[in-house]
Structures are given as structure tokens and as C-alpha cells.
Amino acid sequence: MCTNHITVAGIREVSLVDMIGHPCYVIWLPGCNFKCPWCQNTHVVEGRTVIEVSIEELRRELEEASKIVDYIHITGGEPTLHPALLSKIFSIAKDVGLKCSVDTNGSNPKVIKDLIAKGLLDHVAIDLKSSPYRQENLSIVAGIPRESVRDVWKRIILTLNYSCRNGLEVEARTTFVPGLLSLEDILDVGRWLKEEFGEYKIIYVIQQFNPSPTVRDPNFRRVKPTPRSILLDAGLKVKELYGLNVYIRLIEETLKL
Ligand code: SF4
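For the sequence shown, the working numbering gives the first residue as 174, with consecutive numbering after it.
Next comes the structure, spelled out in C-alpha cells:
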């Protein structure tokens with residue numbers, strides 16, 4: 174990477190859908206250390222789209238964006254695979270008055286800790302891809318080796334801990350992938366969030382799986398998305414039982430319960 178330029182996988186200047194409650198400027202970074210078979214961003218993960226932007230151009234764009242959005246949100250792929258790039262982009266964003274958000278699978282708590290220590294992080298969206306009470310299922314849902322599952326869960330929990338204890342806004346997200354998760358898993362995630370992080374204001378977002386043409390495993394491109402009524406029922410149960418602030422992110426819209 175030339176120091177005057179950065180390479181990213183995509184940019185959207187204004188998004189109303191990537192963060193709950195915040196319009197944001199979004200940057201996608203390539204690569205990921207998970208191999209979720211249902212991943213909807215394979216083109217990003219595999220770096221098939223590449224955009225080179227000069228630092229001056231990025232600064233100008235972020236200055237312009239700061240007139241209409243309050244956040245920059247960096248997603249992927251797994252953005253924490255690029256700690257130096259994250260710091261660089263977030264530093265520019267802070268210079269022009271934007272708040273900073275990262276979307277992560279939670280597997281790199283040290284990167285999150287370092288960004289927090291540098292004052293470069295205000296919001297984190299973290300995936301809870303399966304039930305913390307059935308940790309082994311993460312191996313199938315995230316496509317990671319069975320022997321690394323316990324270590325990965327420890328890292329995810331550390332990421333949540335750092336984020337909550339340092340006063341970040343936190344969105345925990347579960348994509349309901351039919352065939353890989355049950356509705357009981359969703360209730361489990363809600364119960365676990367209440368038990369472990371109930372003292373913090375976490376938003377829990379249940380996401381409808383989108384069988385788009387960019388899904389990694391062709392078998393999952395044929396999976397039908399779960400009907401909204403079923404996701405709404407599950408979300409309402411989580412809200413009633415555990416008092417969480419729940420959103421349902423459907424393919425066409427996001428609903429607050
Ligand atoms: S869905 Fe899985 S494979 Fe795809 S970017 Fe997220 S963590 Fe990586």
C-alpha cells in the first residue's frame with residue numbers, strides 16, 4: 174500500500190441501513206478469517222472488488238459526508254484484519270468530526286482494545302453467529318475448525334467486554350440462517366446477553382438471511398429466507414423474556430420492536 178493511497182473493497186457515501194439509528198459513510202475492507210458458508214459478501218471477502226483512494230480524496234469525501242452523517246462505519250469482510258488501515262481511516266474521520274464504528278466477527282479483541290485506547294472507536298457491531306450455550310455449533314455456522322471454537326468464543330466475549338466496559342454503543346447481531354440455527358438459538362443469545370451483559374445498553378439485531386447470488390455456498394443461495402412473522406415472534410419473545418432492545422433487520426426494512 175502506497176502511504177498516500179488506501180485500497181478498500183467498497184465505499185457508500187450515505188447509508189441509512191448499515192447502522193441502527195445512525196446514517197453513516199460506509200467502507201468495506203477485504204478478507205476474512207471466518208468461512209461462513211452462507212456469507213453474503215463473498216465478493217468482498219475474496220477482494221474481487223478493489224478501489225484505490227488517495228488520502229486527500231478520502232479526507233475531502235469524509236468532510237463532505239460529515240455534513241449529513243454522524244458516523245463512519247467500516248465493515249467487510251473482517252475489518253480487524255487491517256489494524257493499521259482502520260487506525261488511519263478512523264484518525265481522518267475523527268479529524269473531520271465523525272464518530273467511528275466497526276462491524277466485526279469479534280475474533281480480534283486486541284484490535285478493538287487498541288482502537289478504544291487511541292480514542293478511535295465509538296460504536297461496535299458484533300456478530301453472535303450462534304448460541305453461546307452451544308459453542309461447538311460456531312464451527313459449522315462460521316466455517317472454522319472445531320478445535321479453535323473455544324478460543325474464538327473467548328475472543329468474541331473479550332471483544333464484547335472491552336466494548337461494553339468502555340462505554341461504546343454496541344449492536345449484537347445474529348443472522349438467522351435456516352438449517353444452521355434454530356429459534357431456540359435466538360432465544361439463547363437473548364438470554365446470554367441478559368445474563369452476561371444485562372447492565373449495558375446493548376441493541377440486539379436479528380437479521381433475516383438473504384440468499385443473494387453473492388452467497389459463498391451455492392446450496393445456501395437456494396435457501397428461502399425465514400418469513401418475517403417468525404422472526405418478529407422470536408424477537409418479541411426475546412424482548413419480553415429478557416427486556417432487550419430488539420430490532421429485526423429484514424431484507425427490505427428494519428423494524429424496532
Ligand atoms: S459472514 Fe462470515 S465469512 Fe462473511 S464476512 Fe462475515 S464473518 Fe466473514
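All C-beta atoms in this analysis are idealised placements derived from N, C-alpha and C, irrespective of residue type, glycine included.
Please read all numbers here as calculations on a predicted model, not as lab measurements.
Requested in this report: With a threshold of 16 other CB atoms inside 10 Å of the CB of N214, please say whether the residue is buried or exposed.
Outcome: By the Cβ neighbour-count rule, N214 is buried, with 16 or more other Cβ atoms within 10 Å of its own.
Query raised in the report: For N177, which of V362, I228 and Q308 has the nearest alpha-carbon?
Result: Considering only alpha carbons, the answer is I228.
Report task. Could I get the ranges of all uninterrupted beta strand (DSSP E) runs contained in the segment 183-269, with 3 residues as the minimum, in chain order? Result -> Fully enclosed beta strand (DSSP E) runs of no fewer than 3 residues occupy 183-188, 197-201, 224-227 and 244-248 of the segment 183-269, in order along the chain.
**Report entry** C-alpha distance - G316 paired with G279, whole-angstrom precision
**Finding:** In this structure, the CA atom of G316 is about 15 Å from the CA atom of G279.
Query raised in the report: Taking all protein chains shown into account, do 16 or more other C-beta atoms lie within 10 angstroms of the C-beta of E225, making it buried, or fewer, making it exposed?
Result: When all chains shown are included, E225 counts as exposed.
Query raised in the report: Is the beta carbon of F448 within less than 8 Å of some heavy atom of the ligand SF4?
Result: The first residue shown for the chain is 174 and the last is 430, placing residue 448 beyond what the model contains.
Query raised in the report: Based on Cα-Cα distance, which residue from S304, E309 and L254 lies nearest to L288?
Result: Closest option to L288, Cα to Cα, is L254.
Query raised in the report: Any heavy atom of the ligand SF4 closer than 8 Å to the CB of E251?
Result: In terms of side-chain proximity, the C-beta atom of E251 is found nearer than 8 Å to a non-hydrogen atom of the ligand SF4.
Report task. Answer yes or no: the CB of D300 versus the heavy atoms of the ligand SF4, is any distance below 8 Å? Result -> Yes - the ligand SF4 has a heavy atom lying nearer than 8 Å to the Cβ of D300.
Query raised in the report: Measuring from the CB of C197, is there a heavy atom of the ligand SF4 at a distance below 8 Å?
Result: No.
Query raised in the report: Just reading off the alpha helix (DSSP H) that D406 is part of, what are its end residues?
Result: Residues R401 to Y415.
Query raised in the report: From this set, V325, A266 and V388, which residue's C-alpha is nearest P305's C-alpha?
Result: Of the listed residues, the one whose Cα sits closest to P305 is V325.
**Report entry** Assigned exposure category for V190 - 16 Cβ within 10 Å defines buried
**Finding:** An exposed status is given to V190, since fewer than 16 other beta-carbon atoms sit within 10 Å of its beta-carbon.
Requested in this report: State yes or no: is the C-beta of R328 nearer than 8 Å to some heavy atom of the ligand SF4?
Outcome: No, the beta carbon of R328 sits no closer than 8 Å to any heavy atom of the ligand SF4.
Query raised in the report: In terms of residues, what are the limits of the beta strand (DSSP E) holding T180?
Result: Its beta strand (DSSP E) spans residues H178 to V181.
Query raised in the report: Within 10 angstroms of its Cβ, does N392 collect 16 or more other Cβ (buried), or is it exposed?
Result: Flag for N392 reads exposed.
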